[in-house]
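2 protein chains.
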Amino acid sequence: MKRFHVEVRVKPRPGLLDPEGKAIHHALDSLGYEGVAGVRVGKAIDLELEASGRNEAEARAREMCRKLLANPVTEDFELTVAEAPSEDAGSPSS
Amino acid sequence: MKRFHVEVRVKPRPGLLDPEGKAIHHALDSLGYEGVAGVRVGKAIDLELEASGRNEAEARAREMCRKLLANPVTEDFELTVAEAPSEDAGSPSS
Numbered sequence: 001m002k003r004f005h006v007e008v009r010v011k012p013r014p015g016l017l018d019p020e021g022k023a024i025h026h027a028l029d030s031l032g033y034e035g036v037a038g039v040r041v042g043k044a045i046d047l048e049l050e051a052s053g054r055n056e057a058e059a060r061a062r063e064m065c066r067k068l069l070a071n072p073v074t075e076d077f078e079l080t081v082a083e084a085p086s087e088d089a090g091s092p093s094s
Numbered sequence: 001m002k003r004f005h006v007e008v009r010v011k012p013r014p015g016l017l018d019p020e021g022k023a024i025h026h027a028l029d030s031l032g033y034e035g036v037a038g039v040r041v042g043k044a045i046d047l048e049l050e051a052s053g054r055n056e057a058e059a060r061a062r063e064m065c066r067k068l069l070a071n072p073v074t075e076d077f078e079l080t081v082a083e084a085p086s087e088d089a090g091s092p093s094s
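Chains as they are written, first to last, in the working numbering: chain A, 1 to 94; chain B, 1 to 94.
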């Protein structure tokens, strides 16, 4: 089993209200930042998964998104999978 | 001026409590997902910025993160900048 690092982004679907994004946009305007054309806020979820390969890690992460992490009616998600550096190198089993 | 799409990820600093991540980790366990070694939850913020170039867009986004989007004591942030496709192609000014 290898360790994979999955970065998930869950975002409100286009067209749906995003009150937190609107609040941040307003705050940026108040702070004097010009040229901000849009702000959308969602969740960034980092998963550390044990899996036999990248495809399995991605398939499981997608299933977790569909079943728990994202609301299929109001949210979209995207994810990236990367093999985690083997941090266990410092703890040999011998 | 060009349009840039900036993806910001704001995450709780390593070692700090992340109750939402813990709750999701517990829920994944309850749903029968094994091999989940860690879950961290933060914010995914998408900014649409007008800027003269990529460097300016990134510098302004970093400043926004430092001043508003991330709590410098408890959160880290990372961001990626991409030039947005010119969606105005469909609305000629003629």
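In this text, a Cβ means the ideal position worked out from N, Cα and C, and glycines have one as well. Since the model is a prediction, treat every value here as computed from it, not as a measurement.
How would you write the range of the beta strand (DSSP E) that residue 42/B sits in, first residue to last? 36-51
Round the Cβ separation of residue 17/B and residue 67/A to the nearest angstrom and send it over; I've been treating them as touching at under 8 Å. That belief does not hold up - the Cβ atoms of residue 17/B and residue 67/A are roughly 25 Å apart, past 8 Å.
With H, G and I counted as helix, E and B as strand and the rest as coil, what does DSSP make of residue 66/A? helix
So if I threshold CB-CB distances at 9 Å, which residues from the stretch 34-55 of chain B count as touching chain A? 34, 35, 36, 37, 38, 39, 40, 41, 42, 43, 44, 45, 46, 47, 48, 49, 50 and 51
So for residue 28/B, helix, strand or coil by DSSP? helix
Would DSSP call residue 9/B helix, strand or coil? strand
Taking the beta strand (DSSP E) that residue 81/B falls in, what are its first and last residues? 75-83
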